[in-house]
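J.:
2 protein chains.
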Amino acid sequence: MRSYGQYCSIARALDVVGDRWTLLIVRELLLRGPCRFTDLKNGLPGVATNLLSTRLKELEDAGLISREDAPPPVATVLYALTDDGLALEPVLKALGLWGLRFMDAERPDDAFQARWLAYAPAWFATDADPDAPPAVVQLIASGEEAVIEIGGGEVRARAGRAADPDLVLEGPARAVLGLLTGVIGIDAATGIGLTTRGRAADVLARLRPVG
Amino acid sequence: MRSYGQYCSIARALDVVGDRWTLLIVRELLLRGPCRFTDLKNGLPGVATNLLSTRLKELEDAGLISREDAPPPVATVLYALTDDGLALEPVLKALGLWGLRFMDAERPDDAFQARWLAYAPAWFATDADPDAPPAVVQLIASGEEAVIEIGGGEVRARAGRAADPDLVLEGPARAVLGLLTGVIGIDAATGIGLTTRGRAADVLARLRPVG
DNA sequence: CGGTATCCAATATGATACTG
DNA sequence: CAGTATCATATTGGATACCG
């Protein structure tokens, strides 16, 4: 990307991460941790391999990521965020929080991944009742599965299945994510296809959307 | 910009504001308030008029800005941020804070404006001694002038001159801004050309960089 | 002042093939 | 698997001219 040529920290930041795909690559590295080229490609549906390759070089030159030779079992290169790259987390959080307002439009051919299901509640909701015992919620949205644990004032999340969840939320991504991030209420979520198994009222009352 | 086609709030946000120039247009509207096409053009050195025009239409379609007919004295269209547009302020703050790390490279042909001098201390520094009487600091960097007032726990800023400042900081933008945002110390700033008039130690001790 | 219109250059996309 | 390479096409951006 050509530089904006402005001595302003916002313009400077955009000189580095304003290119198409760049911030989404950082998102993947942030959500996955160090990972391989193919992992990144899978997490970025639609990106061309040559473009991904170019961007990774640019990010390395800018000092945002590093290439590490993985130890024997993997025996390949892992891309990882440096400290400067990790420092973008607040930017992605702010952007993602702002972007929630556009999540009501779920288009039929949108890609969707368990990882994106997981980060939303972890980043955009908190535990309003830190002293209550931890609660585990299984999320199933548009076929993708994630687990959140609410407890100690925080919400933690990961992709996958829980053995014995206190609550299961299942339905279209728009319903599950909308409910968890506070964009819509339980009635509206149910109206667009959410189903619950377990003590929904108790657990959901603890979730407080940030902002 | 073509959509990323991902049901993820970060990708959705970038679908709307990920285009080149878009966030800088929002920056200008945020720093200036409602303003005219020409004002935006002046605040965005390097932007082509057709591109600015296109972006303004896109931003209007996305609901981030509105076009208002200004009252008689001005008699033209004013562009203003809507609530959705104003809500981008945390994004720009996060991006600008992150971008400070690239401000040590000041290129000779960079554009620089008083407004960009003003927002940095206001956004990225706080008053560490809220109970002390307010202090007024005149900034002069690379020929651009701004005033900051430190008091009540906050730092406020505007472009222009102060009648009777407690301190005058003058020098290259890199020195003045670096000092105010905590990137460099007073000795380093002096070393690259900063001059001070007034009680520098007292006033600067009150400035605490955020983050 | 507030834009449109036009043209050229640069970049992105997408497909596919190829290599160690 | 982890890319690099190449090519065709589409879209975008930049510069400039122009106009009500």
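Going line by line, the protein sequences match chains X and Y.
In short: position in the first sequence from 1, add 43, done, that's our numbering.
In short: position in the second sequence from 1, add 43, done, that's our numbering.
Ideal placement from N, C-alpha and C gives every residue a C-beta, glycine not left out.
Every value quoted in this text rests on a predicted model; they were computed, and no experiment measured them.
Got a sec: is the Cβ-Cβ distance from Y:Ser109 to anything in chain X below 8 Å?
T.: Chain X contact via Cβ: absent.
J.: Decide yes or no for the touch test of the stretch 108 to 123 of chain Y against the stretch 77 to 86 of chain Y: beta carbon pairs closer than 8 Å, at least 3 of them.
T.: Flag = yes, the stretch 108 to 123 of chain Y and the stretch 77 to 86 of chain Y touch.
J.: Determine, for X:Gln98, whether the minimum Cβ-Cβ distance to residues of chain Y falls below 8 Å.
T.: According to the sequence shown, residue 98 of chain X is Arg rather than Gln. No - not a single Cβ of chain Y is within 8 Å of the one on X:Arg98.
J.: Is the shortest distance between the beta-carbon of X:Glu149 and the beta-carbons of chain Y less than 8 Å?
T.: So yes, X:Glu149 belongs to the interface.
J.: Just tell me which of Y:Val246, Y:Arg249, Y:Val253, Y:Leu220 has its CA closest to the CA of Y:Leu237.
T.: Minimum Cα distance to Y:Leu237 is reached at Y:Leu220.
J.: Run through the DSSP bridge pairs and tell me what Y:Leu212 is partnered with.
T.: Paired residue(s): Y:Leu182, Y:Thr239.
J.: Give a yes or no on whether the C-beta atoms belonging to Y:Gly142 and X:Ile191 are separated by under 8 Å.
T.: Against a cut-off of 8 Å, the Cβ pair of X:Ile191 and Y:Gly142 comes out as no contact.
J.: DSSP puts X:Thr65 in a beta bridge; with which residues?
T.: In the DSSP output, where bridge partners are listed per residue, X:Thr65 has none listed.
J.: Is X:Leu66 near the ligand GTP, judged by its Cβ being under 7 Å from some heavy atom?
T.: This structure simply doesn't include the ligand GTP, nor any ligand for that matter.
J.: Using the C-alpha atoms, what's the distance from X:Pro177 back to X:Gly241?
T.: C-alpha separation (whole angstroms): 15 Å.
J.: Alpha carbon to alpha carbon, what distance is there between Y:Pro173 and Y:Val211?
T.: Answer to the nearest angstrom: the Cα atoms are 21 Å apart.
J.: Find the nearest neighbour of X:Ala148 within the set X:Tyr122, X:Val226, X:Gly89, judged by alpha-carbon distance.
T.: Considering only alpha carbons, the answer is X:Val226.
J.: What's the call for Y:Pro96, buried or exposed, on a 16-neighbour Cβ count within 10 Å?
T.: The question names Pro, but residue 96 of chain Y in the sequence shown is Ser. With fewer than 16 Cβ atoms within 10 Å of its Cβ, Y:Ser96 is classed as exposed.
J.: Restricting to Cα atoms, I'd like to know which of X:Ala175, X:Asn85, X:Glu188, X:Asp207 is closest to X:Glu197.
T.: Checking every option, the nearest Cα to that of X:Glu197 belongs to X:Ala175.
J.: Thinking X:Ala189 and X:Ala200 are a contact (beta carbons under 8 Å), I'd like their distance in whole angstroms, please.
T.: The pair is a contact, with the Cβ atoms about 6 Å apart (cut-off 8 Å).
J.: Using only the alpha-carbon positions, how far apart do Y:Gly89 and Y:Arg70 sit?
T.: Cα to Cα, Y:Gly89 sits roughly 15 Å from Y:Arg70.
J.: Please name the residue or residues paired with Y:Glu197 in a DSSP beta bridge.
T.: Answer by DSSP bridge pairing, in chain order: Y:Gly194.
J.: Just how far apart, CA to CA, sit Y:Leu83 and Y:Ile68?
T.: One C-alpha to the other measures close to 7 Å.
J.: Excluding the 5 residues flanking Y:Leu102 on each side, which residues of the same chain have their C-beta closer than 6 Å to its C-beta?
T.: Excluding positions up to five away in sequence, the list reads Ile108.
J.: Do Y:Asp153 and X:Gln49 have their C-beta atoms within less than 8 Å of each other?
T.: Cβ atoms of Y:Asp153 and X:Gln49: closer than 8 Å.
J.: If contacts are defined as beta-carbon pairs under 8 Å, then X:Ala137 and Y:Val134 qualify, I think. What distance do you get, rounded to the angstrom?
T.: Confirmed, Cβ separation roughly 4 Å.
J.: Which residues bound the beta strand (DSSP E) around X:Glu111?
T.: 108 to 112 is the extent of the beta strand (DSSP E) around X:Glu111.
J.: Measure the C-alpha to C-alpha separation of X:Arg217 and X:Ala232 and round it to an integer number of angstroms.
T.: Roughly 8 Å between the two C-alpha positions.
J.: Counting only Cβ pairs nearer than 9 Å, list the residues of chain Y close to X:Pro88.
T.: Here the neighbours are Tyr47, Gly48, Gln49.
J.: Are the C-beta atoms of Y:Ala168 and some chain X residue less than 8 Å apart?
T.: Not one chain X Cβ lies under 8 Å of Y:Ala168.
J.: Just the C-alpha distance for Y:Leu182 and X:Ala56, rounded to the nearest angstrom, thanks.
T.: Computed Cα separation, rounded: 23 Å.
J.: Report the neighbours of X:Gly225 on chain Y: residues whose CB is nearer than 8 Å to its CB, in chain order.
T.: Under the 8 Å cutoff, chain Y gives no residues; its nearest Cβ is about 13 Å from X:Gly225.
J.: Residues of chain X with CB closer than 8 Å to the CB of Y:Ala56, please, in chain order.
T.: Correct list: Leu138, Gly139, Trp141, Gly142, Phe145.
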